[in-house]
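Listed in order, the protein sequences are those of chains A and B. The first sequence begins at 1 in the working numbering and counts up by one. The second sequence begins at 421 in the working numbering and counts up by one. Just so you know, even glycine gets a beta-carbon here, dropped at the ideal spot from N, CA and C.
Number of protein chains: 2
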Amino acid sequence: MVERRKPIPVIDAVTNVMKHSKLGESEIISIDDCDNRRLAEAIVAKHPVPPFDKSPYDGFALRSIDTKQGAIDHPVEFEVVEHIGAGQIPMKTLKKGQATRIMTGAKIPDGADCVAMFEVCKVYEKNGKNYMSIKRKMKEGQNIVSKASEVAEEEVLIEAGTLINPGVKALLATFGYNNVCVAKKPVVGIIATGTELLDVEDELQPGKIRNSNAYMIMSQIKRAGGECIYFGKLADEFASSYDTILHVLGKVDILITTGGVSVGDFDLMPAIYEKLGAEVLFNKIAMRPGSVTTVAVRGNQLLFGLSGNPSACYVGFELFTRPIIQHYLFNKQPFLKRIKATLQEDFPKPNPFTRFVRSYLTYEGGNIGVKLAGIDKSNVVTSLAHTNALMVLPGGTRGYQRGAVVEVLLVEDMDGQATF
Amino acid sequence: MVERRKPIPVIDAVTNVMKHSKLGESEIISIDDCDNRRLAEAIVAKHPVPPFDKSPYDGFALRSIDTKQGAIDHPVEFEVVEHIGAGQIPMKTLKKGQATRIMTGAKIPDGADCVAMFEVCKVYEKNGKNYMSIKRKMKEGQNIVSKASEVAEEEVLIEAGTLINPGVKALLATFGYNNVCVAKKPVVGIIATGTELLDVEDELQPGKIRNSNAYMIMSQIKRAGGECIYFGKLADEFASSYDTILHVLGKVDILITTGGVSVGDFDLMPAIYEKLGAEVLFNKIAMRPGSVTTVAVRGNQLLFGLSGNPSACYVGFELFTRPIIQHYLFNKQPFLKRIKATLQEDFPKPNPFTRFVRSYLTYEGGNIGVKLAGIDKSNVVTSLAHTNALMVLPGGTRGYQRGAVVEVLLVEDMDGQATF
């Protein structure tokens, strides 16, 4: 009854799954809805920035050549022929001895080649006309922000695959992208297995627990950028379970099941994969928790058989499903960001297999620390609420001491990295 | 024409704004929609976890007293009277010499007080009945996860104000919260000022630029947990601008305007605050960028007058508006998380005022570094796209060298901290 499975290293499992990853499609949405989506096309500067020579200060635009005689004891006088604010267009071309009063951000009038700040100018009226004078020489180009000095036209500013944050959205608006080409979200189906599972709205019954995994994974899918559909629980019977899964596969890009992948008496998934003609990539990984995580491929669809145990389920999703979703969304850095951190407490358990421990980061004087998010029993669900990192403790040790430098995977970071 | 304003320290500005912060209301939503919202009520364990004594392994439940004679050379025999999987309910109370075959997670049958793992049991049939034997003594309670050993009933698990992540959602599902009481999002209105501004769908016109600030801020509001309404641009005329703002104040919890707060010839906001009878808390802060950031209060509404300059606008929102939104959402840690990091490049500019520099973090061997996200000119919008942190460089210095330890505010972190 008990089948022997050979565990494969985590890195082999990840590599194997990623061989079957694919890029998704793109769709056009309104800029109003684009937050937190990923760009499917690069943002290209549709015009230079600034789009015209502009003034960085409030002051007077004039011809530098007219200030040639300017000196502390020799003011040069200009007639103020126009007054323009930002967004107003100068109508007059400056001639000898003329100046334009100009506000920050406004376009430099034709004829002018510099801007004198208010602070260095004297303003007065004479015969009902406006004048200003200046007691210094100005240089050609002084206080002018030249057209295209910040961004040239056609410059690629942001790559496809980038997450749209407030700064990226500002760029989209600047260049008139009122419709944005973003990566379409993959549709990820979820099916739970396990006769012990109640729905969230059910009263508790003897011997049963509520299905928390499906809700947790829906949240993980959303965090990873996917769209989720929950198809409920499988009946505890092979033929109808097989039919349900076959039907659901027609409606999703990716399918996740929870539970039923072990070698217990009631685990249906291995036989379902077989009948579906799905190729099982692996069904045993040298890691804790989540050693029974199974991934199968059928046509161009990936089927993730995650453990029914909450922590194992969580880890299995983050290690294997999330990079598939991220790659689908054009992210060139689909893997969890991996950094180094200093262990803030002892972890005395011997570690035959690589362990992914629910953890959270601490910051102390520029050093990153990491603490356990709870008792590391795979059946304690409470600690996942405090988890923002997974500590990676390689196998083959008798435990780790406080002060050890360990690797940590960041589950809340959205930048990611290019390799596992 | 040029009014003199006295700059106040950043910390005074923050403290002053927070004096006017208030808690929002709560609302009930479906668990399906609760991701990334904040809890308005604590999660309380509605039942113990586990809710019954359960088996952590596949094996046989039995009475330890019956194994008293068990030894390597003396197997003790049990009749297997029942076979239960997880979620199935044991119907039989075990009597002397009886055992129940049991799966991981299943409820321990009455009468039994321990579980022997499969690996130590011998299974066989005799006279058409199922038997197992074991060659060792078992202890009372051995391999049983007791009811309530993980969580006691009525225990407070997660505090109000906590962001709902996948782990928190799993807890909500576990305890049957199919409706979740979350903090209602504050409605934040946005109005842009500036005749130079075009709408995002407009063709570029001479002397004008597209309004990127409003879109950037809408994204910042969403990231901070608020709901945004964009009311467009103010006409460049006092009476109608005043009317618009008065009207909009009836529809929002918080109002943000961009631009018009300086002392330029076309800045309308100071006069509008006056006519509204709003108390201006400050209109000049000793910081760069964003020194003209103005905050006013009218009744129980805060009016944020952010600069029209993109970086100043971004910083003004993160420092002053975001904590107000976070506190409204019951977050007890409403301020940006502030950590220490090592400067990875020189910042040679003299610093008369505290500077908030657009930056991003680097990670090297457990040390946090920080780099400039772009040229620190306040008019360069491109760099905001790469910003995930604001470096805090206190004023009164001639610049900072590579290797200096500086403080950094994390704009993508959602934990926050209790003090500025």
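Mapping DSSP to helix, strand and coil, what is glycine 789(B)? The count along the second sequence starts at 1 and reaches residue 789(B) at position 369. Shown here, glycine 789(B) sits in a strand according to DSSP, grouped into three states.
Give a yes or no on contact between the segment 295-310 of chain A and the segment 203-217 of chain A, applying the rule of three or more CB pairs nearer than 8 angstroms. With a cut-off of 8 angstroms, the segment 203-217 of chain A and the segment 295-310 of chain A count as touching, because enough Cβ pairs lie within range.
CA-to-CA distance, isoleucine 89(A) to phenylalanine 118(A), given in whole angstroms: Translated into the one-based positions of the first sequence, residue 118(A) becomes position 118. Translated into the one-based positions of the first sequence, residue 89(A) becomes position 89. Roughly 20 angstroms separates the two Cα atoms.
Residues of its chain near threonine 664(B), where Cβ-Cβ distance is below 8 angstroms and the 5 sequence neighbours each way are ignored: As a first step, residue 664(B) must be located in the second sequence, where it is residue number 244. A distance below 8 angstroms between beta-carbons, with the five flanking residues on each side excluded, links threonine 664(B) to the following residues of its chain, in chain order: Ile611, Phe651, Leu654 and Ala655.
Contacting residues, own chain, Cβ-Cβ under 8 angstroms from phenylalanine 353(A) (five flanking each side not counted): Here residue 353(A) corresponds to residue number 353 of the first sequence, with the count starting at 1. Counting only Cβ-Cβ distances below 8 angstroms, and skipping sequence neighbours, we find Pro7, Ala286, Met287, Arg288, Ser291 and Gly395.
Return the residue from the list Lys555(B), Val825(B) and Met523(B) that minimises the CA-CA distance to valine 496(B). As a working note, residue 496(B) is residue 76 in the second sequence. It is Lys555(B).
If you draw a straight line from the alpha carbon of valine 434(B) to that of lysine 126(A), how long is it in whole angstroms? Taking the second sequence and counting its residues from 1, one reaches residue 434(B) at position 14. Taking the first sequence and counting its residues from 1, one reaches residue 126(A) at position 126. Distance between the alpha carbons of valine 434(B) and lysine 126(A) is about 48 angstroms.
Is valine 297(A) near glutamate 279(A), with beta carbons less than 8 angstroms apart? Here residue 297(A) refers to the residue found at position 297 when the first sequence is read from its first residue. Here residue 279(A) refers to the residue found at position 279 when the first sequence is read from its first residue. In this structure, the beta-carbon distance from valine 297(A) to glutamate 279(A) falls below 8 angstroms.
Residue nearest to lysine 527(B) in terms of C-alpha spacing, selected from Lys515(B), Gly517(B) and His503(B): Residue numbering aside, residue 527(B) sits at position 107 when the second sequence is read from its first letter. Among Lys515(B), Gly517(B) and His503(B), the Cα nearest to that of lysine 527(B) belongs to His503(B).
Who are the neighbours of glutamine 640(B) on chain A, taking C-beta pairs under 8 angstroms? Against the second sequence, residue 640(B) aligns to sequence position 220. Counting only Cβ-Cβ distances below 8 angstroms, glutamine 640(B) has contacts in chain A at Pro166, in chain order.
Isoleucine 339(A): first and last residue of the uninterrupted beta strand (DSSP E) it sits in: Sequence index remark: in the first sequence, residue 339(A) carries index 339 (1-based). Segment 337-343, the beta strand (DSSP E) holding isoleucine 339(A).
Could you list which residues in chain B have their beta carbon closer than 8 angstroms to that of proline 206(A), in chain order? Taking the first residue of the first sequence as 1, we reach residue 206(A) at position 206. Going along chain B in sequence order, the residues near proline 206(A) (Cβ under 8 angstroms) are Phe472, Ile509 and Lys527.
If the cut is a Cβ gap below 9 angstroms, which residues of chain B does tyrosine 314(A) touch? The count along the first sequence starts at 1 and reaches residue 314(A) at position 314. Neighbours of tyrosine 314(A) in chain B, taken as residues whose beta carbon is under 9 angstroms from its own, are Pro586, Gly587 and Ala590 in chain order.
Residues in the same chain with beta-carbon distance under 6 angstroms from lysine 628(B), minus the five sequence neighbours each way, listed in chain order, please. If you number the second sequence from 1, residue 628(B) lands on position 208. These residues qualify, in order along the chain: Glu616 and Leu618.
Tell me whether isoleucine 72(A) is buried or exposed, calling it buried when 16 or more other Cβ atoms sit within 10 Å of its Cβ. Residue mapping note: residue 72(A) aligns to position 72 of the first sequence, counting from 1. Isoleucine 72(A) should be labelled exposed.
Is there a Cβ of chain A sitting closer than 8 angstroms to that of threonine 677(B), yes or no? Stepping through the second sequence from its first residue, residue 677(B) is reached at position 257. Answer no: the Cβ-Cβ gap between threonine 677(B) and chain A never drops below 8 angstroms.
What does DSSP give as the partner residue(s) for arginine 550(B) in the beta ladder? Residue 550(B) sits at position 130 when you count from the first residue of the second sequence. Going by the sequence as given, residue 550(B) is asparagine instead of arginine. BP columns for asparagine 550(B) point to Glu545(B).
Could you check what DSSP says for alanine 465(B) in three-state terms: helix, strand or coil? By 1-based counting over the second sequence, the position of residue 465(B) is 45. DSSP places alanine 465(B) in coil when its eight states are reduced to three.
Any contact of the segment 42-52 of chain A with the segment 151-166 of chain A, i.e. 3+ C-beta pairs under 8 angstroms? Segments in contact, yes.
What do you reckon, are the CB atoms on lysine 251(A) and glycine 189(A) nearer than 8 angstroms? Counting from one through the first sequence, the residue named residue 251(A) turns up at place 251. Counting from one through the first sequence, the residue named residue 189(A) turns up at place 189. In contact: lysine 251(A) and glycine 189(A) (Cβ atoms closer than 8 angstroms).
Within chain B, the residues that isoleucine 339(A) reaches when beta carbons sit closer than 7 angstroms: As a working note, residue 339(A) is residue 339 in the first sequence. What isoleucine 339(A) touches in chain B: Tyr783.
By DSSP, does isoleucine 72(A) sit in helix, in strand, or in coil? Here residue 72(A) refers to the residue found at position 72 when the first sequence is read from its first residue. It is coil, neither helix nor strand.
Thinking leucine 688(B) and threonine 613(B) are a contact (beta carbons under 8 angstroms), I'd like their distance in whole angstroms, please. Residue mapping note: residue 688(B) aligns to position 268 of the second sequence, counting from 1. Residue mapping note: residue 613(B) aligns to position 193 of the second sequence, counting from 1. Indeed they touch by this definition, with Cβ atoms about 7 angstroms apart.
At a Cβ threshold of 8 angstroms, is aspartate 766(B) touching chain A? Residue 766(B) sits at position 346 when you count from the first residue of the second sequence. So, not an interface residue.
Do glutamine 333(A) and glutamine 205(A) have their beta-carbon atoms positioned less than 8 angstroms apart in this structure? Taking the first sequence and counting its residues from 1, one reaches residue 205(A) at position 205. Taking the first sequence and counting its residues from 1, one reaches residue 333(A) at position 333. The beta carbons of glutamine 205(A) and glutamine 333(A) sit no closer together than 8 angstroms.
Say whether chain A places a C-beta atom closer than 8 angstroms to the C-beta of valine 437(B). Along the second sequence, read from residue 1 onward, the residue named residue 437(B) stands at position 17. No, no contact with chain A.
Mind checking the segment 172-193 of chain A against chain B and listing, in chain order, the residues whose C-beta falls within less than 8 angstroms of any C-beta there? Contact residues of the segment 172-193 of chain A toward chain B are Leu172, Ala173, Thr174, Phe175, Gly176, Tyr177 and Asn178 (C-beta to C-beta distance below 8 angstroms).
Positions along the segment 349-374 of chain A whose CB lies within less than 7 angstroms of some CB in chain B: Residues passing the 7 angstroms Cβ filter: Tyr363, Gly365, Gly366, Asn367 and Ile368.
Step through the CB atoms of chain A and report whether any lies within less than 8 angstroms of the CB of methionine 636(B). Residue numbering aside, residue 636(B) sits at position 216 when the second sequence is read from its first letter. Judged by the 8 angstroms Cβ criterion, methionine 636(B) is in contact with chain A.
When the cut-off is 8 angstroms and only beta carbons count, does serine 212(A) lie next to chain B? As a first step, residue 212(A) must be located in the first sequence, where it is residue number 212. Residue-level contact check: serine 212(A) touches chain B, since one or more beta carbons of chain B fall below 8 angstroms from its beta carbon.
Counting along the chain, where does the alpha helix (DSSP H) carrying threonine 419(A) start and finish? Here residue 419(A) refers to the residue found at position 419 when the first sequence is read from its first residue. Unbroken run through threonine 419(A): none, as it is neither H nor E.
Interface partners of leucine 804(B) on chain A, CB under 9 angstroms: If you number the second sequence from 1, residue 804(B) lands on position 384. Close to leucine 804(B), with beta-carbon spacing below 9 angstroms, are these residues of chain A in chain order: Asn165, Pro166, Gly167, Val168, Ala170 and Leu171.
8 angstroms CB neighbourhood of proline 350(A) in its chain, flanking five on each side removed: One-based indexing of the first sequence puts residue 350(A) at position 350. For proline 350(A), the CB contacts under 8 angstroms within the same chain, skipping 5 residues up- and downstream, are Thr397, Arg398 and Gly399 in chain order.
Decide if lysine 68(A) is buried, meaning its Cβ has at least 16 other Cβ atoms within 10 Å, or exposed. Position 68 of the first sequence, counted from the first residue, corresponds to residue 68(A). It is exposed - the Cβ of lysine 68(A) has fewer than 16 other Cβ atoms within 10 Å.
Min CB distance proline 48(A) to chain B below 8 angstroms: Position 48 of the first sequence, counted from the start, is the residue given in the question as residue 48(A). Chain B, which has no Cβ nearer than 8 angstroms to the Cβ of proline 48(A), makes this no.
Buried or exposed, going by whether 16 or more other CB atoms sit within 10 Å of the CB of glycine 548(B)? The residue labelled residue 548(B) in the question sits at position 128 within the second sequence. That one is exposed.
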